[in-house]
Amino acid sequence: MPQGQPSVVPDDGLTTRQRRNRPLVVVHTGIGKGKSTAAFGLALRAWNQGWPIGVFQFVKSAKWKVGEENALRVLGASGEGGSVDWHKMGEGWSWVQRDAQMDNEEKAREGWEQVKRDLAAETYKLYVLDEFAYPMHWGWIDTDEVVSVLRDRPGTQHVVITGRNAPEKLVELADLVTDMSKVKHPMDAGQKGQRGIEW
1 MPQGQPSVVP DDGLTTRQRR NRPLVVVHTG IGKGKSTAAF GLALRAWNQG
51 WPIGVFQFVK SAKWKVGEEN ALRVLGASGE GGSVDWHKMG EGWSWVQRDA
101 QMDNEEKARE GWEQVKRDLA AETYKLYVLD EFAYPMHWGW IDTDEVVSVL
151 RDRPGTQHVV ITGRNAPEKL VELADLVTDM SKVKHPMDAG QKGQRGIEW
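Okay, so the sequence shown: first residue is 1 according to UniProt numbering, each after it adds one.
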């Protein structure tokens with residue numbers, strides 16, 4: 001696609017402008033590093049456009065100091081770009097045994113209910129549903145319902161979903177899907193995550 005030109009122009013009756021401004025569902029999945037990082041990079045672009053942004057973290061612990069959170073909160077409060085609201089939904093669901101997760105399963109459902117309310121109210125222009133693929137993969141949240149809600153959302157709201165094992169039905173619905181594959185990672189050589197790289 002040189003210079004951003006599409007390789008195909010569908011016969012859908014839409015003008016070029018209508019097609020260009022169509023709201024997107026974006027999925028970042030796969031076992032490689034960078035899914036959330038890419039989503040937060042997209043949030044920076046949205047902030048620069050003045051879009052209101054809602055970040056919903058479904059897996060990372062509410063106690064973790066996430067670098068992107070601090071940066072986006074500061075930017076959102078600066079008054080120069082879009083606003084940023086940050087919602088933490090869980091206590092590290094991906095890193096603990098699932099047997100003791102009933103409270104986290106309930107929090108995931110509550111988080112999804114909030115996302116549905118915000119989509120219906122058109123609260124944000126960009127939604128980052130970070131690690132949201134996990135609750136669907138684990139069966140905590142019904143993928144068919146997610147697909148239906150996202151397909152029928154009003155307005156021009158963009159939604160980015162991250163996490164491994166994105167359900168096939170979600171992938172089919174999405175307009176843009178990136179599968180992050182791992183070629184090499186420092187953890188393979190026994191190196192733990194480090195400040196400024198992992199958080």
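Virtual Cβ for every residue (Gly too), placed ideally from N, Cα, C.
Check	Outcome
Which residues does DSSP list as the beta-bridge partners of glutamine 57?	Lys88, Asp130
Are glycine 79 and tryptophan 47 closer than 7 Å when you measure CB to CB?	no
Quick one: what's leucine 176 bridged to in DSSP?	Val26
What does a CB cutoff of less than 6 Å around glycine 30 pick up in its chain, not counting 5 residues either side in sequence?	Asp179, Met180, Ser181
Do valine 149 and lysine 116 come within 7 Å of each other at the CB atom, strictly closer than that value?	yes
Just the C-alpha distance for valine 183 and glycine 13, rounded to the nearest angstrom, thanks.	42 Å
Please classify methionine 89: is it buried, with 16 or more other beta-carbons within 10 angstroms of its beta-carbon, or exposed?	buried
Is lysine 192 buried or exposed, if buried means 16 or more other CB atoms sit within 10 Å of its CB?	exposed
Please classify proline 186 as buried or exposed, where buried requires at least 16 neighbouring CB atoms within 10 angstroms.	exposed
Valine 66 to leucine 129, Cα distance in whole Å?	15 Å
Using 10 angstroms around the beta-carbon of glutamine 194, count the other beta-carbons present and answer buried if the total reaches 16, otherwise exposed.	exposed
I think phenylalanine 56 touches tyrosine 134, with their Cβ atoms under 8 Å apart; what is that distance to the nearest whole Å?	With 8 Å as the limit, phenylalanine 56 and tyrosine 134 do not qualify as a contact, their Cβ atoms being about 13 Å apart.
If we count the other Cβ atoms within 10 Å of its Cβ and call it buried at 16 or more, is residue 204 buried or exposed?	The requested residue 204 is not part of the displayed model; the chain covers only 1 to 199.
Measure the alpha-carbon distance for tryptophan 51 versus tyrosine 124 and round it to whole angstroms.	7 Å
List the residues that DSSP assigns as beta-bridge partners of valine 149.	In DSSP, valine 149 forms no bridge with anything.
Identify, in the order they occur along the chain, each residue of the same chain with its Cβ nearer than 8 Å to the Cβ of glycine 190, setting aside the five sequence neighbours on each side.	none
So if DSSP puts histidine 158 in a beta bridge, which residue, or which two residues, is it bridged to?	Leu126
Near leucine 24, which residues of its chain fall below 7 Å by C-beta distance, leaving aside the five closest residues on each side in sequence?	His158, Asp175, Leu176
Taking lysine 33 as the reference, give the member of Glu131, Leu173, Ile141, Glu172 with the closest Cα.	Glu131
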